[in-house]
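First the structure, in the form of structure tokens, and then the observations on it.
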Amino acid sequence: MLNSKFLENKKKLNRLFFYGVPDLLLQRTPGIYPHFELLQPMIPCNAILRLSFLYISITFSVFILHAQDGKQLFSTKCASCHNIFKDLTGPKLGGVLEKEKYGGDPKKTYEWIRNSTSLVNSDPYYSALKNQWGSVMTAFPDLKDAEIDAIWDYINKTYAAGNKPKPAGDDTAKDDLKKANQNSVIFGIITLILAIIALILAYVNSNLKKMSDDAEGIIRPEPVPFYKNKFYIALLSVLLFVVGGYLLAKGAIGLGRQTNYQPEQPIYYSHKVHAGINQINCLYCHSSAWESKHASIPSVNVCMNCHKAIQAYEKGPEIIDENGNKIDGTAEIQKLYKYAGFDPKNAAKWDPSKAKPIEWVRIHNLPDHVYFNHAQHVRVGKIQCQTCHGEITNMHEVKQVSELSMGWCINCHRQTKVDFNYSEGKGNQFYSIYEKFHNEIKKGKMDSITVSHIGGLECQKCHY
Ligand code: HEC
Ligand code: HEC
Ligand code: HEC
Ligand code: HEC
Ligand code: HEC
Ligand code: HEC
311 MLNSKFLENK
321 KKLNRLFFYG
331 VPDLLLQRTP
341 GIYPHFELLQ
351 PMIPCNAILR
361 LSFLYISITF
371 SVFILHAQDG
381 KQLFSTKCAS
391 CHNIFKDLTG
401 PKLGGVLEKE
411 KYGGDPKKTY
421 EWIRNSTSLV
431 NSDPYYSALK
441 NQWGSVMTAF
451 PDLKDAEIDA
461 IWDYINKTYA
471 AGNKPKPAGD
481 DTAKDDLKKA
491 NQNSVIFGII
501 TLILAIIALI
511 LAYVNSNLKK
521 MSDDAEGIIR
531 PEPVPFYKNK
541 FYIALLSVLL
551 FVVGGYLLAK
561 GAIGLGRQTN
571 YQPEQPIYYS
581 HKVHAGINQI
591 NCLYCHSSAW
601 ESKHASIPSV
611 NVCMNCHKAI
621 QAYEKGPEII
631 DENGNKIDGT
641 AEIQKLYKYA
651 GFDPKNAAKW
661 DPSKAKPIEW
671 VRIHNLPDHV
681 YFNHAQHVRV
691 GKIQCQTCHG
701 EITNMHEVKQ
711 VSELSMGWCI
721 NCHRQTKVDF
731 NYSEGKGNQF
741 YSIYEKFHNE
751 IKKGKMDSIT
761 VSHIGGLECQ
771 KCHY
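Numbering (my numbering), first residue to last: 311 to 774.
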């Protein structure tokens, strides 16, 4: 009775899962398919194993397909400098292969793409190109032949089809990003579905095991609870390893990066009182931001220009710090006097050369391998201090507002247009050297120039 019911069930299941589950049954019900049974020891018969294997191979092949996707490669590696239809930082790439140098053969560009820097020095064709374009192309030593072929394939097809990108250019990049996002959503859904199938199969598997055991009258020990099950333990360890590794790597990259950092300073000096309420110009104290790399911190003597006379804090509003404590401005000014060696009762005798420096705690700090220049941004780029440092005039104590990550710099360089609208004697003279771009604008070929066009994405501009 039990047996016939079991066989019926098994037939149904056989139709459903003709692959995978039934051979688990074979182990339990010897003799059903004798010839298959011989194979059993040789193949891993676990449905879950098999499914995971299938899933891994699918993902793997999708990744390989992905790597060969010329469009993807072009937009991640080349599109920041090249367009297929028009000149950007580098020449337009549509039709480049037709040049005599290449004779239509993508192979002849392999060396250039992988090793542009050395070719600029050794090959007269490329040194002429470099002189014409001003900047050297990034080298891509990791690109494989097949990948470069895929890029050219994409460029040639797009160029031949003449499907011009939308005028803004940026939209295509956004579209690609959208597609990439959609792709990852699809991957996520597939993963989820496969995971659910694996779980269902595992469940069916254990039930079948039980059924077949019942059928044979075998009494097995109680099933292992899932937290003791080796499979789940292994799965969990792998998951923990992957997630932990990811978080660790992310944390390591972010190491030394900080926002909202607001250390306690030796004197409670309020930017809101000085730069906000009393409207003292930032450059009065940070004058070197206008002419040099660093925005200096003012010396005690700069403070004393005013505080020889302003000996108490009485006009401004009550100052409450982050912890809700009331700050006594007058007492803070007394601390300044200690550093300055200044005695208010004996003001005439003050000797500025005896002043001791105040040990302000540094807040913004880029790693040593990054070059950042204030004058270049404040004076040439005409960027407000507040764009990068936030509403300093509203902060009592300064805190770091921007992330100061590489992505932060690069994003702004991609988006910010530089002011090219100068004419003789007017506007920003610093850009007069970029004759090429001025001509392009005059001819109407380009409507705006961003920092990235003038080299703001080149590694060596920001890295020593
Ligand atoms: C950082 C900007 C930049 C990136 C990224 C870049 N290029 Fe270039 N590329 C240039 C510049 C600039 C030139 C002109 C030569 C020079 O000044 O070095 C150039 C020249 C070329 C040339 C030679 C054109 C000719 O007329 O002979 C080819 C081919 C080329 N790039 C292909 C690529 C491909 C393919 C990629 C993506 C894998 C790529 N470039 C990525 C900036 C770039
Ligand atoms: C009266 C002098 C004075 C004026 C005016 C002033 N600052 Fe400051 N600034 C200081 C002093 C002193 C420090 C160091 C103590 C601190 O961090 O609060 C400082 C620190 C800073 C810092 C943090 C530096 C670090 O350690 O990374 C920034 C950013 C800054 N100022 C920006 C500005 C901006 C923007 C303005 C104009 C809105 C301005 N400051 C106006 C005196 C001044
Ligand atoms: C251009 C003039 C000027 C300079 C330079 C200046 N202060 Fe002041 N400071 C003022 C004024 C104005 C007040 C507000 C007085 C009031 O409201 O009664 C003030 C208030 C203060 C206070 C009390 C409020 C607070 O912020 O806690 C301190 C402390 C202080 N200053 C420290 C400094 C230090 C340190 C420096 C140098 C880095 C400096 N000041 C440079 C003009 C100046
Ligand atoms: C384009 C973004 C940007 C602008 C605009 C900018 N800063 Fe900065 N500032 C930074 C960065 C990044 C640092 C960290 C520099 C470092 O660690 O070398 C910094 C650091 C500072 C410091 C600490 C001392 C130093 O130079 O390292 C002060 C003070 C400062 N800025 C004041 C100013 C003032 C005042 C202005 C406006 C006149 C201004 N900044 C404009 C990005 C900017
Ligand atoms: C808010 C926008 C903004 C941010 C943020 C910014 N920059 Fe810039 N950067 C500019 C502008 C605008 C210019 C153009 C000024 C010029 O022509 O020299 C520029 C120019 C430069 C240049 C010179 C590029 C060239 O080709 O001459 C360097 C180097 C540079 N930035 C480094 C950095 C670094 C490093 C950071 C991050 C720590 C950064 N910038 C963050 C706007 C920004
Ligand atoms: C506009 C300026 C800028 C340009 C261009 C730039 N970097 Fe960076 N880079 C930075 C800044 C700022 C940091 C520091 C980030 C931090 O401390 O988190 C950085 C950090 C790095 C790091 C250290 C890892 C990290 O994320 O902290 C590497 C590696 C790096 N850059 C490589 C490159 C390469 C390769 C290029 C050229 C393709 C490049 N950078 C172009 C500004 C720039």
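Cβ atoms here follow ideal geometry from the backbone N, Cα and C, with glycine treated the same way.
Measuring alpha carbon to alpha carbon, tell me which of the options ends up nearest residue i.
{"i": "GLY400", "options": "LYS582, TYR774 and GLU768", "result": "GLU768"}
{"i": "GLU642", "options": "ASN656, GLU632, ALA657 and ILE620", "result": "ILE620"}
{"i": "GLU457", "options": "PRO416, LEU509 and ASP433", "result": "PRO416"}
{"i": "SER571", "options": "LEU714, ASP455 and ILE423", "result": "A small fix is needed here, since residue 571 is Tyr in this sequence, not Ser. Here the closest residue by C-alpha is LEU714."}
{"i": "HIS674", "options": "ASP524, GLY700 and ALA438", "result": "GLY700"}
{"i": "ASP455", "options": "GLY472, ARG424 and TYR513", "result": "ARG424"}
{"i": "TYR744", "options": "ILE394, ASP757, GLY444 and LYS411", "result": "GLY444"}
{"i": "GLY691", "options": "MET705, TRP670, THR726 and TYR681", "result": "THR726"}
{"i": "GLN575", "options": "GLU669, ASN749 and GLY766", "result": "GLU669"}
{"i": "LYS409", "options": "LYS396, THR468 and TYR435", "result": "TYR435"}
{"i": "GLU601", "options": "ASN683, VAL548 and HIS617", "result": "ASN683"}
{"i": "GLY472", "options": "VAL671, LYS519, SER516 and LYS396", "result": "LYS396"}
{"i": "TYR775", "options": "GLN442, LYS467 and ILE629", "result": "Within the shown structure, residues of the chain are numbered from 311 to 774, placing residue 775 beyond reach of any answer."}
{"i": "LYS520", "options": "LEU439, GLU532 and LYS411", "result": "GLU532"}
{"i": "LYS709", "options": "LYS411, ARG672 and ALA389", "result": "ARG672"}
{"i": "PHE536", "options": "ILE529, TYR513 and VAL552", "result": "TYR513"}
{"i": "HIS596", "options": "ALA449, TYR412, SER432 and VAL688", "result": "VAL688"}
{"i": "SER390", "options": "THR448, ASP433 and SER547", "result": "THR448"}
{"i": "LYS618", "options": "ASN591, ALA599, TYR647 and TYR594", "result": "TYR647"}
{"i": "ILE590", "options": "CYS613, SER606 and ILE577", "result": "CYS613"}
Alpha carbon to alpha carbon, how far is residue i from residue j?
{"i": "CYS695", "j": "GLU632", "result": "23 Å"}
{"i": "SER762", "j": "PHE541", "result": "51 Å"}
{"i": "GLN686", "j": "GLY765", "result": "13 Å"}
{"i": "PRO662", "j": "PRO608", "result": "14 Å"}
{"i": "TRP660", "j": "GLY651", "result": "7 Å"}
{"i": "GLN350", "j": "CYS719", "result": "In this prediction, GLN350 scores a pLDDT of 43, lower than 50, which makes its location untrustworthy; the coordinate-derived value is nonetheless stated afterwards. So the two alpha carbons sit approximately 60 Å from each other."}
{"i": "HIS584", "j": "ASN704", "result": "10 Å"}
{"i": "LYS746", "j": "LYS645", "result": "56 Å"}
{"i": "LYS636", "j": "PRO573", "result": "17 Å"}
{"i": "VAL495", "j": "SER385", "result": "20 Å"}
{"i": "TYR556", "j": "LEU550", "result": "10 Å"}
{"i": "VAL406", "j": "HIS604", "result": "44 Å"}
{"i": "MET311", "j": "ALA559", "result": "The predicted position of MET311 is uncertain, since its pLDDT is 45 and thus under 50; a value taken from the coordinates is nonetheless stated next. Rounded to whole angstroms, MET311 to ALA559 spans 60 Å at the Cα level."}
{"i": "LEU502", "j": "ASN539", "result": "22 Å"}
{"i": "MET756", "j": "VAL430", "result": "27 Å"}
{"i": "GLY498", "j": "VAL552", "result": "16 Å"}
{"i": "ILE528", "j": "SER522", "result": "8 Å"}
{"i": "ARG724", "j": "HIS748", "result": "19 Å"}
{"i": "ILE693", "j": "TRP422", "result": "37 Å"}
{"i": "LYS771", "j": "PRO677", "result": "15 Å"}
{"i": "ILE506", "j": "ALA525", "result": "28 Å"}
So, using beta-carbon positions, are residue i and residue j closer together than 7 Å?
{"i": "ILE759", "j": "VAL728", "result": "yes"}
{"i": "LEU383", "j": "ILE461", "result": "yes"}
{"i": "HIS679", "j": "HIS581", "result": "no"}
{"i": "ASP463", "j": "GLY380", "result": "yes"}
{"i": "ASN393", "j": "LYS387", "result": "no"}
{"i": "GLY639", "j": "TYR623", "result": "yes"}
{"i": "ALA665", "j": "VAL610", "result": "yes"}
{"i": "CYS722", "j": "SER712", "result": "no"}
{"i": "TYR469", "j": "GLY404", "result": "yes"}
{"i": "ILE587", "j": "GLY626", "result": "yes"}
{"i": "THR419", "j": "VAL446", "result": "no"}
Say whether chain D places a C-beta atom closer than 7 Å to the C-beta of residue i.
{"i": "GLY380", "result": "No chain D is present in this structure, which holds just one protein chain."}
*Residues proximal to ligand 2 by C-beta, any heavy atom closer than 6 Å*: Qualifying residues come out as GLN575, TYR579, HIS581, HIS584, ALA585, ILE590, CYS592, TYR594, CYS595, HIS596, ILE607, PRO608, TRP670, ARG672, ILE673, HIS674, CYS695, HIS699, ILE702, THR703, GLU707 and VAL708.
*Quick one: which unbroken alpha helix (DSSP H) runs of 4-plus residues sit fully inside the region 496-573? Chain order, please.*
540-564
_List, from N- to C-terminal side, the alpha helix (DSSP H) runs of 4 residues or more that fit wholly inside the region 646-723._
Secondary structure in the region 646-723: the alpha helix (DSSP H) runs of 4 residues or longer, each lying completely within the stretch, are 695-699 in chain order.
*In chain order, which alpha helix (DSSP H) runs of at least 4 residues are fully inside the region 399-471?*
420-424, 426-432, 434-443 and 455-471
_If we require 4 or more residues per run, which alpha helix (DSSP H) segments fall completely within the region 570-653?_
Qualifying alpha helix (DSSP H) stretches, in chain order: 592-595, 610-617 and 639-650.
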